[in-house]
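Going down the list, the sequences are from chains A and B.
Take the position in the first sequence, starting the count at 1, then add 3; the result is the number in this note's numbering.
Take the position in the second sequence, starting the count at 1, then add 589; the result is the number in this note's numbering.
Contents: one structure, followed by commentary.
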Amino acid sequence: MIETEPSVSKSWKLEPSIAKQTQGLIVSAFGDLPLADALFLELGPQAGGAWLTELRQEIPISDATGKGCSAAAIALTWSGLQRMGLDAEALESFSPPFREGMHQLDRQRRLGDNPGGPTVIPGGARWSGNNLRDGGTQAPAGTTTPCTVHVVLLLYAKGETELDDQARRLTPRLEQGGVHVVHRLRLSLMPDAKRVAREHFGFADGLSQPMLYGPTIISPQDPGAEARRRWHGIPAGEVLLGHLNAHKEAAPGPVVAATSPQARQHLSAHGVSEGFRNLGLHGSYLVIRELRQDVAAFWNSMGEAAKSVGDGASAQWVAERVVGRTQDGALLRPDGATQPAAGADGNDVGFAEEDVQGFGCPLGAHIRRGNPRDSLPSRDGPNPDLKPTKDLLSSTNSHRLLRRGRKFGDEIKDRYVDDRATRGLLFMALNSDIARHFEFVQQTWMLNQAFGTLEEETDPLMGPKGLFSIPAAPLRRCVAVETFIRFAGGEYFFLPSLPALDYLAALPPAALPPAGAP
Amino acid sequence: MQTILTAVLEVAPKSADLLRTRIGALGSGKKAREKLSSTVPTLHFMSMSVFADDQYDPIFVLEANFDGRPGPFWAQLEAVLGAELRDMLRCCRAPRDGAAGLFDAVTRAGSRAPIAPLLEARTVWPAARHQGNRGLDRNRILEEACLFSSAQAQLNRSVGNAATSARQVHDSLRKALLPTFGWLDRKPPPRVSLWEGIVDLLRFGVPILLLVAVLAAPGALLGYRVSGRLSVAVLLGLVSLLACLGVLAIALRWIETRDPPQDDPVLDGARLRAMAQLEDQITQNHMISLAHVKPGILRTILVRAGLFVVGHWVRVTAHSGYLGSMRTIHFAHWSLVSNGGRLMFHSNFDGSWESYLDDFIEKAHAGLTAVWTHGVGFPPTRLMLRDGATSGGKFKAWARHTMNESQFWYSAYPKYSVNQIERHARVASGLRKRTLTEEEAAGWALDL
């Protein structure tokens, strides 16, 4: 989620005509704006689009054409679009996960979010869109949250004063329009003395990002670009709706009927059937999860695990195996060496040829589960049945996420002492197919007890307490790890293009009450 | 040797809901699964479902994947679920063929006639099948899994800490486990016997050779007649073969470019919800699908040819469980039902349905496309093999559209993936050996 050394020549860009219509968050994590506010808004009933016009007059939503001294992004939940008065047909044209929401009963089970489960905060998640689709007004117990979020507004700035100023100006105008800030997180990307931005456990974060390519993308031409594209390249439609995706289709997005003058004025007919306008084009889905981190539990558990390993292993040694990288972000390699962090070429490597057994980066390490590169399906023992192929890598790459998360909460003073403060990561990821991208990664890789040939293990960092094996010769080490990360709220959002925002802002306020509205 | 089969009966339409309830009652509790687990020791996976179809009355499908021959299996199954099955069969319609008498005998009030003969008479054999852990019978899978977890416990308790070499790990582990697992000293039967391998090869090769001979015959005979030389006969035979295949390809492209696809099939919300509720409860999942076969004589031939080639190719080549580069399938099979008018698919696989379909889309699409391209509404294909399933979104929508929830589904080893079962087998195979070389031991220890 962070480009630690942002360098223009190494980044991909959108074609200028498309960049003007696309939110800046798609192309940039705004790494040069280290502070941010995530404002979660609740709309009044039948809010219409007027509040959005007000908001944009105060805070312009950034496009993808260049840098500024502040930036903003906005995205809406399905229930938020419903409150804005988007018609039922258009609401139905969104993808099923977005319509049903992150907290739908079957989805909770697949994402490991069952209320009362070990990786959810006590009392259950605090916020969601409360989409309430199943059965209209009645949702099954445990699938609603006390706080309802319709909109997320992300404000980025260089310093605290600018952020506070923006909020001070904006909040009263929103309140006048019946829009309330119901939840707020101050996000930070502050680099440390080594110029590395770290998450709360102390690890450099967001190092592996997919690199978009395709006819709508201007690819970087630096010498390392070819290698990066080989390992991290994905078609633009893996993130952008309406663009060609990895399954050779235009990534499906929402449409609206072309009957209204607003639809005809603001939205393009590109790629949709006669009689419709493309609401999704150049937009994306934004997955947000508020993940609380228990830093003291993590480091104490690493200390315990180190004792069980013996041989003078330290807590840091175990922690780095749990993550799969050194604390400064270098990938662990089988010869015990580490390679330079991202930015250099150290991240543009696979596992199949160099680290098939996981002697460097363990088979179940957090980053290997998150992106197995060319190592799935796992090969048998010392005589692999399969040779790594381009297919295996591209198959993994059709499940990548463009990460935009940042941490919230103050840094812990002593990482072994619980100070009871709330801190964690606001996980944010852009993708065009929530089921194939985010949910797949969470279910099939992260939390899968049968990931590769592993057994009865889940992600050692994100999963519930359990075992974690560290391949070694002559025999693997097996350590116990506790639960460190808990889900506190989250939802699927639609991140519209700027023309789509124009259209939504033009929605009339007093639409008929939508069916099934809370 | 494992058997894969389905029994298919037509359902009396008015009793379809009752049948669903009866199957569901079996599926909701643990009791039936526990009884199957303890009393049917040959059974790997089994499902029962009622398939609804707009064009036909519903059908009742019982799918079973088990060790050995059907006879003993049916007998065991009847002993456990005889009464329940009889009540289910009572919701079906009497067959109009020779099985009518059997059906009456089984379903009449107070009947105690064995149901196995009826199910045998209604058995549909798969036209193409694939098995992940080929040649491992159910008990061996469970025993080796048990051995594996005992080995893990041993390692974590004592052996692991003192390990200085892989050979030493092997020796002490074997010593510790042998008293409990006496079978480590016995040689296991081969997973695929030489004879089975030869039969697979002949079943594939002979029909192909015959077909080649028939297609080449006109040219070869003409060549020999005219010139009297063998070389000319072979050459013209080849020309004849290629001409036949060329004509076939042109005819196929002709119909392919005129086949109407169904890009946006209606996906019934309630049915999708019913499927989602049943999915992702254990490591494995189940998928059942019923698609109509496209009309015309060429399709009638090609769907069978596709099933034949795919099924036998997999049988001959996929011994280690990999299908292309995917290895997530325990048992999967296609069969033709309704006089070849419908193509039925069953799969017992690891992971989520999304990940299963993605594997097909991204890794193993050719074989699947070669069969499902004959299904009505399937995404457009080129020469049976290209495109089709690679159109990810369309293919997923089509597949869901043809699917039905599995009202009852049983897995004998719900915790284990194909990969894990193979891992257990490798660990067991090493422990069966009295000694290993240091190199062998090092390779073997990677799986611990």
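C-beta: ideal position from N, C-alpha, C; glycine also.
Please read these numbers as outputs of a predicted model, since none were measured by experiment.
Pairwise C-alpha distance: residue j and residue i
i         : j        : result
GLY349/A  : ALA309/A : 27 Å
ARG729/B  : PHE770/B : 12 Å
GLY274/A  : VAL259/A : 13 Å
LEU972/B  : ALA838/B : 7 Å
VAL758/B  : LEU478/A : 8 Å
GLY408/A  : PRO467/A : 21 Å
ASP606/B  : GLU356/A : 55 Å
ASP643/B  : LEU379/A : 40 Å
LEU811/B  : GLY835/B : 19 Å
LEU1025/B : LEU736/B : 18 Å
ARG658/B  : GLN665/B : 12 Å
Unbroken beta strand (DSSP E) run spanning residue i, endpoints
i        : result
HIS633/B : 632 to 640
TYR288/A : 287 to 296
LEU666/B : Per DSSP, LEU666/B belongs to no beta strand (DSSP E); it is in the alpha helix (DSSP H), 659 to 678.
SER14/A  : Segment: none, SER14/A is in no beta strand (DSSP E) and carries neither H nor E.
TYR999/B : 997 to 1000
LEU190/A : 183 to 191
LYS410/A : 409 to 411
ARG480/A : 480 to 484
Those residues which DSSP pairs with residue i across a bridge
i        : result
PHE920/B : GLN720/B and ASN937/B
THR712/B : ALA596/B
SER271/A : ASN281/A
HIS246/A : For HIS246/A, which the question treats as bridged, DSSP gives no partner whatsoever.
GLY966/B : PRO850/B
GLY492/A : TRP130/A and GLU293/A
TYR216/A : PRO238/A
SER73/A  : ALA160/A
SER500/A : Its beta-bridge partners do not exist; DSSP assigns none.
SER878/B : PHE934/B and MET992/B
Interface flag, residue i vs chain B, CB-CB below 8 Å
i        : result
ASN434/A : no
THR456/A : yes
ALA76/A  : no
PRO387/A : Unreliable placement is indicated for PRO387/A, whose pLDDT of 47 sits below 50; the coordinate value is still reported in the next sentence. By this cut-off, PRO387/A is not an interface position.
GLN319/A : no
SER398/A : yes
GLY439/A : As written in the sequence, residue 439/A is Arg, which differs from the Gly given in the question. So, interface residue.
CYS481/A : yes
ARG112/A : yes
SER378/A : no
Boundaries (first-last residue) of the alpha helix (DSSP H) holding residue i
i        : result
ALA689/B : 689 to 696
ASP167/A : 163 to 179
PHE793/B : 783 to 816
Proximity winner among the options, relative to residue i (alpha-carbon distances)
i         : options                                    : result
GLU868/B  : LEU707/B, ILE918/B, GLN996/B and ARG723/B  : GLN996/B
ALA1031/B : ASP760/B, THR631/B, LEU608/B and GLY690/B  : ASP760/B
CYS1039/B : ALA710/B, GLY690/B, SER878/B and ILE648/B  : Within the shown structure, residues of chain B are numbered from 590 to 1037, placing residue 1039/B beyond reach of any answer.
LEU674/B  : LEU608/B, GLU994/B, ASP656/B and GLY808/B  : LEU608/B
TYR1002/B : LEU1020/B, HIS919/B, LEU957/B and LYS985/B : HIS919/B
ILE473/A  : ALA432/A, GLY327/A, PRO499/A and ASN281/A  : GLY327/A
TRP714/B  : TRP772/B, ALA688/B, GLN665/B and ASN654/B  : ASN654/B
GLN330/A  : ALA272/A, ARG198/A and GLN60/A             : ARG198/A
MET214/A  : LEU464/A, GLY412/A and SER31/A             : SER31/A
ALA959/B  : GLY1019/B, PRO969/B, ARG860/B and LEU974/B : LEU974/B
ILE890/B  : GLY930/B, MET876/B, GLY913/B and LEU725/B  : GLY930/B
GLN866/B  : SER941/B, VAL600/B, ALA986/B and ALA734/B  : SER941/B
Below-8 Å beta-carbon distance, residue i vs any chain A residue
i         : result
VAL758/B  : yes
ASN745/B  : yes
LEU800/B  : no
GLY982/B  : yes
ARG860/B  : no
ASN722/B  : no
LEU732/B  : Looking at the sequence shown, residue 732/B is not Leu but Glu. GLU732/B does not count as touching chain A.
SER1006/B : yes
GLN866/B  : yes
Amino acids of chain D, ordered along the chain, whose beta-carbon sits closer than 7 Å to that of residue i
i         : result
GLN1009/B : Considering every chain present, this structure includes no chain D. Its protein chains are A and B.
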